[in-house]
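Below you'll find the structure, written out as structure tokens, and then a few comments.
Residue numbers (UniProt numbering): 1 to 239.
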């Protein structure tokens, strides 16, 4: 297990990653408001009211009126701000903290928010189409986070990032190594998994959406897939 916690990648187009910070704050705030206590379980009305339920999204079923909070189409956005527990939230927010600012830097604030939402919607739709009759609500920011991974690798594959291996050993390695391994794990899990506990299709769809969208939404002059031969990340001196 490799958990990212920092990268050597200064901002160039923006001074502060306001949207990344706001997304983290909203995710944490929603978690605190809807889930509290030692186990921090998501209650059923919130999960069914704001989670993306494939059978409801595909109109194969109708959600009982007492659970309806927003239109079914809007749950493809609201589900991204719900999490199944502290570990689920912490893992997603770690990725958002490390990689969100540089993707926001490449896109600009407004387009970054659009990018993040579109990656989440793509993941929610992919999951709903993969299991169209499922009545289990999809929750979590993983599709949006997967989009960040795809975009970051398109932008900065050779930037050095710090990761914790097995939650104990800090390593500083090129981004393409741990993120490439993460992508491989998602694809392997998609092929091997036969259940709905983890929405692997949502992860893969978010990843593909992020890699594609960054090509068209990035600011003019922002290069893609910058690799160097001198061992420095993106041509910058190592920090």
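Note that the Cβ used here is the ideal one computed from N, Cα and C, for glycine as well.
Cβ neighbour criterion (16 or more within 10 Å) applied to residue 172: That one is exposed.
| What do you reckon, are the CB atoms on residue 206 and residue 143 nearer than 8 Å? | Going by C-beta atoms, residue 206 is nearer than 8 Å to residue 143.
field: Supposed close pair residue 108, residue 42 - CB separation, criterion 8 Å
entry: Contact doesn't hold; Cβ gap of about 33 Å is too wide.
Here's the rule: buried if 16 or more other CB atoms are within 10 angstroms of the residue's CB, otherwise exposed. What is residue 52?
Flag for residue 52 reads buried.
Q. So, are the CB atoms of residue 160 and residue 178 less than 8 Å apart?
A. Contact annotation: residue 160 and residue 178 have beta-carbon atoms that are not nearer than 8 Å.
Requested in this report: Please confirm if the stretch 144 to 156 is in contact with the stretch 52 to 71, defined as three or more CB-CB distances below 8 Å between the two stretches.
Outcome: They do not touch, by the three-pair rule.
Query - Contacting residues, own chain, Cβ-Cβ under 8 Å from residue 3 (five flanking each side not counted) - result: Closer than 8 Å at Cβ, skipping near neighbours: 91, 94, 163, 164 and 167.
task = Could you check the C-alpha separation between residue 186 and residue 204 for me, to the nearest Å?
result = Cα to Cα, residue 186 sits roughly 7 Å from residue 204.
Subject >> Run of the alpha helix (DSSP H) containing residue 7, from where it starts to where it stops >> reply: Careful: residue 7 lies outside any alpha helix (DSSP H), inside the beta strand (DSSP E) at 2 to 7.
Inter-residue CB distance, residue 123 and residue 146 (contact presumed, cutoff 8 Å):
The Cβ separation is near 7 Å, so the contact holds.
Notebook entry, point to check: In the DSSP assignment, what are the bridge partners of residue 138?
Noted result: Within the DSSP bridge table, the entry for residue 138 names 52 as partners.
- Item | Distance CB(residue 79)-CB(residue 138) smaller than 8 Å | Closer than 8 Å, so yes.
ask   = Under a three-way DSSP split, which group does residue 11 fall into?
value = Correct three-state label for residue 11: coil.
| message | Measuring straight from C-alpha to C-alpha, what distance separates residue 55 and residue 127? | response | Spanning the alpha carbons of residue 55 and residue 127 requires a straight line of approximately 11 Å.
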